[in-house]
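Listed in order, the protein sequences are those of chains A and B.
Count along the first sequence from 1, add 838, and you get the number used in this note's numbering.
Count along the second sequence from 1, add 838, and you get the number used in this note's numbering.
Each residue gets a CB set at the ideal place from its N, CA and C atoms; glycine is no exception.
Just so we're clear, the structure is a prediction, and the values are computed from it rather than from any experiment.
Read through the structure below, which is laid out as structure tokens, and then see the notes.
Protein chains: 2
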Amino acid sequence: MSQLQRLSDRIISRVNANLQEFEFDTEPFVNNALDHEKMLDFYAFYGITSRHPLYFHFTNSNIAGSYFLGKCHVRRSAIYKSDVRGDELKRKGDCIKSAKNIPLVEDEMISILDSLLYKTLVHSNSHNPESPEAFIIRNTISSHYANIHGSTLEGCFLGPFATVDLMNLHSCIVGEFSYVQVGELFHRKIDPGTVWIKSPHFEFKYKFKKSILDNFVGVNDTYQPRGVIYDFVRTRDQEFERLFEVMHLEPFEAPDSSAINRYAVIKGKTRIGENVLVAQRSLLENATMGDGSNAQENSYVIDSVLEGNCITAHGGKIINADVGQECFVGFNSFLNGGPDARIKIGEGCIVMPHTIINPSMPIEIPNEHLIWGYIESPEDLATQTISLDKLAEVRESVTIGQMTFSGKGSVFIHVFKDRLKHILLANGALYNDGEDRGHAQDDQNISFNIIQPYRTGARKGLYPSIRIKP
Amino acid sequence: MSQLQRLSDRIISRVNANLQEFEFDTEPFVNNALDHEKMLDFYAFYGITSRHPLYFHFTNSNIAGSYFLGKCHVRRSAIYKSDVRGDELKRKGDCIKSAKNIPLVEDEMISILDSLLYKTLVHSNSHNPESPEAFIIRNTISSHYANIHGSTLEGCFLGPFATVDLMNLHSCIVGEFSYVQVGELFHRKIDPGTVWIKSPHFEFKYKFKKSILDNFVGVNDTYQPRGVIYDFVRTRDQEFERLFEVMHLEPFEAPDSSAINRYAVIKGKTRIGENVLVAQRSLLENATMGDGSNAQENSYVIDSVLEGNCITAHGGKIINADVGQECFVGFNSFLNGGPDARIKIGEGCIVMPHTIINPSMPIEIPNEHLIWGYIESPEDLATQTISLDKLAEVRESVTIGQMTFSGKGSVFIHVFKDRLKHILLANGALYNDGEDRGHAQDDQNISFNIIQPYRTGARKGLYPSIRIKP
């Protein structure tokens, strides 16, 4: 048996053991996802800069297409076409938000063991006070375009386009296109299309209707994705291929304070302002990126204008839209406007993660609104948006359409705006006069290094063991 | 001071200490060779196969452009655009030729320390019985297109296009375009253009006239090369650039038993026979490679026909020539025929390393001849060739033109032909029915991995520490 097959089998058996109570068998998914011959067509790469803590260690792994930045320890994993960004890893002496007086005794490190991450983004703004030095993903299978954001996981299965955000999961199944940010979860199954945020002070919950979800993100028997959003991504896949075919690319012209990643696609009449971050595997076409705006990994900004300090979170898709100052477009949101159905979003709006706007006529959302769910026409705004002022007045709970919010609205808004400020800061949007550097400034000089797997022999498809230090 | 500058300074001071007796200062050479800004334009690469013993370890090094295959340990070195081929490294239990009953206690490993190898080829068919497990090059500066072939060196300076072959050198200077294969050398300075082979049984010596050498390979004050051969190589440099610009290349069509390295340039009407090896950084244009022939690293075969089992050693250049069966064209030989001045070399000829044939009219060398020195016209053949039959009759010594041979001619021919057979075998020329695999069969499935230096910070131009194991 090839060692790559042995790796698949080990991942299957470990994750299945964790998910036994759900009678969930990961074998069909893994065997469909890991096409062994195809693995030889890919190469993995990792980024090196003088500003990120360097330590990579890969052993008995298939790390095809991966992008690593910052300390990472991968053992017996298949990290197929993932981006593992360790650029917010904490250093020795730093404290994490939830445990301010316990400084880290050594640099934080990402550790991924017996896992399969399939086109999954892992981003490392971690928060788990139990293991501040280790960002662990163990025995976890994460399928197409899922996001693991600052989360510790063990023995989980994440469906396509699922997001787990700033939390810990143990032996959980997260359905396709679900977003969870609920602190900690044990032995839970999250239904597909659930958007759930829970803190000690408030809770936000929304669930997509099955018929709508099925149209946008569905899965087949083996948990392979289908639907409008998957098709949107898949048909643009080849745009990225040419970036991987050449070694050196003429960089796209941008101000000195902005970073356009070498693995981003930039097309048409695109304009980049100051302090802009365009991350790897993002696609911009006829896009105007205002000062301090960003397009994070796997995001798309097409025929659209983003005013200043807008955030396009990982996997956000903005098409034929005008987005006002300081808007947030959350994870995997799909703002699918058309030439005759433009989407206008006012200043200071918060588009919740996993929101779908798919209008057949122009649509306009006023300033300072919270937006969620599924919007097809102006009529839907009544049940899928609320002004922040009104939300701030909520003391106990409010139910609007399929959405239920409980807790203090003002606290929710305060926490959210706080986080947005942190995101802008981390991404370099507030860089001024040498102060407040962020990714837009620090990610300009990345050296990309390439690793290929064994082409023959028992290790065919696996990568050699590599350890990289400064 | 940058760490790259510190690396240069260390190399200079160590090599200068070794060469003090010659009052030789390497500083001007090193400072000219290591253009720190240019170092950022390059990337290094190394090859991985399932058939070569894998262990790389680079620390505090600049390894731009290097190509490694097989176990290699590099520490505080600048290996700029070198090919370090460890594909004939011995394994634990193997014996070396000069010590048949002392098997290696562990796998042989290349170790390079405090050295600067500038576009130098290191090839690992080693033979030093004192350190069979370590192929060491320590405190050595080797300039443009020099060849280190199976040699252990310490504190040496090799000039451009110099070759040291199957021997040990300690604190030596080898002049430009000199070839030495003399077992062991201590504290010696070899004049430019010396071709010197010495064994217990025979000695071959030839020295180029200064006026001729100056025209073909000269050096300036800082030991940077100039001349016809350097110009020939330099003007073809850009042909290789496109190979480094793309990730995947359509492979050139060749029989299954032959290997065309992905970093070789193949142009025009080129035909590849069975069991042919075309190594990295070789260039073929309108070339016919007969069954079992090879074009080794840095060799050129242009508008030429090589019949079966011909060897083009490292750096050999064959232009407008017809080379008969089982000919050997030695290191750095320059067979510079023209459309109206074709060079015809008969079967079984031995073109000695560092031979220059530069005719203005057609020239023909009969079968089974030894060829050396500088040939411009048919008249020169009388003083620069001898038939192997005649050479075999020599018992004591013979002087022909500038060449002196002493010892038994028959032994010399026997040893030489034996080595050629070994070279054919190692390169896979004799592969048949699954038996006698060599490089032509084993080098077909190389994964090329790419490393880039730090682009900013104190380590700018240096590479991270990397350790790669199976």
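- The beta carbon of Met877 (chain B) sits no closer than 8 angstroms to any beta carbon of chain A.
- Per DSSP, the continuous beta strand (DSSP E) segment holding Asp1160 (chain B) begins and ends at Ala1159 to Val1161.
- Note on geometry: alpha-carbon atoms of Thr958 (chain B) and Met1085 (chain A) lie some 24 angstroms from one another.
- Ser969 (chain B) and Ala871 (chain B) do not touch by the CB rule: their CB atoms are close to 28 angstroms apart, not below 8 angstroms.
- In the structure shown, Thr1060 (chain A) falls within a coil segment according to DSSP collapsed to helix, strand and coil.
- The straight-line gap separating the alpha-carbon atoms of Cys933 (chain B) and Val1071 (chain B) is approximately 38 angstroms.
- Nearest Cα to Glu1202 (chain A) within the set A:Lys1182, A:Asp1218, A:Gly1211 and A:Ile1209: A:Lys1182.
- Ranked by how close their Cα comes to the Cα of Gly1128 (chain B), the residues B:Glu1164, B:Gly1245 and B:Tyr1101 have B:Glu1164 in first place.
- DSSP places Asp1069 (chain B) inside the alpha helix (DSSP H), whose first and last residues are Val1066 to Thr1073.
- If you look at Asp1052 (chain A), you'll find it in the alpha helix (DSSP H) that goes Lys1048 to Phe1054.
- Residues of the segment 1083–1097 of chain A whose Cβ lies closer than 7 angstroms to any Cβ of chain B, in chain order: Glu1083, Val1084, Met1085 and His1086.
- Of the residues A:Gln1062, A:Phe1286 and A:Val1012, the one whose Cα lies closest to the Cα of Gln1118 (chain A) is A:Phe1286.
- Distances from the CA of Ala1000 (chain B) to each of B:Ser989, B:Gly1021, B:Gly1031 and B:Lys1027 were compared; the closest alpha carbon is that of B:Gly1031.
- Close CB contacts of Asp1274 (chain A) within its chain, under the 8 angstroms cut and outside five residues either way in sequence, are with Leu1263, Gly1266 and Leu1268 (chain order).
- In this structure, the beta-carbon distance from Lys909 (chain B) to Gly924 (chain B) falls below 8 angstroms.
- For Gln1279 (chain B), the uninterrupted alpha helix (DSSP H) run begins and ends at His1277 to Asp1280, by DSSP.
- Annotation: Lys1045 (chain B) has no Cβ neighbours in chain A at a cutoff of 7 angstroms; minimum Cβ distance is about 44 angstroms.
- Your pair Leu1081 (chain B) and Tyr1061 (chain B) does not check out as a contact, with CB atoms roughly 28 angstroms apart and the cut at 8 angstroms.
- With respect to the 8 angstroms criterion, Asn1124 (chain B) and Thr1108 (chain B) are classified as neighbours on the basis of their beta carbons.
- Listed in chain order, the alpha helix (DSSP H) runs fully inside the segment 920–968 of chain B amount to none, counting runs of at least 4 residues.
- Within the segment 887–904 of chain A, Thr887, Ser888, Arg889 and Leu892 place their CB atoms closer than 8 angstroms to a CB of chain B, listed in sequence order.
- Interface annotation, Ser915 (chain B): not in contact with chain A, CB-CB separation never under 8 angstroms.
- Chain-ordered listing is empty here: chain B has no CB closer than 8 angstroms to the CB of Asn1099 (chain A), the nearest sitting near 14 angstroms.
- One finds Ile886, Thr887, Ser888 and Ser1285 in chain B with Cβ atoms closer than 8 angstroms to the Cβ of Tyr1292 (chain A), taken in chain order.
- Runs of the beta strand (DSSP E) spanning 3 or more residues and lying entirely within the segment 1135–1189 of chain B occur at 1138–1144, 1155–1157, 1159–1161, 1172–1174 and 1181–1183, in chain order.
- By the rule that beta-carbons nearer than 8 angstroms mark a contact, Ser1303 (chain B) touches chain A.
- In this structure, DSSP gives Phe999 (chain A) a state outside helix and strand, which the three-state scheme calls coil.
- Under DSSP, Cys910 (chain A) takes part in a beta bridge, and its partners are A:Phe894 and A:Ile948.
- Distance from Glu1022 (chain B) to Ser1244 (chain B) at the Cβ level is roughly 19 angstroms; contact not present, criterion being Cβ atoms closer than 8 angstroms.
- Residue pairing by DSSP places Asn985 (chain A) opposite A:Leu959 and A:Thr1001 in a beta bridge.
- Its Cα nearest to that of Tyr1044 (chain A), the residue A:Thr1223 stands out among A:Thr1223, A:His987 and A:Asp921.
- Secondary structure of Thr1221 (chain A) (DSSP, three-state): helix.
- No Cβ of chain A is located within less than 8 angstroms of the beta carbon of Gly908 (chain B).
- Taking CB atoms only, Ile948 (chain A) has no neighbour in chain B less than 8 angstroms away.
- Boundaries of the alpha helix (DSSP H) around Gln841 (chain A): Gln841 to Asn856.
- Beta-bridge pairing by DSSP links Leu1208 (chain A) to A:Ile1188 and A:Ile1224.
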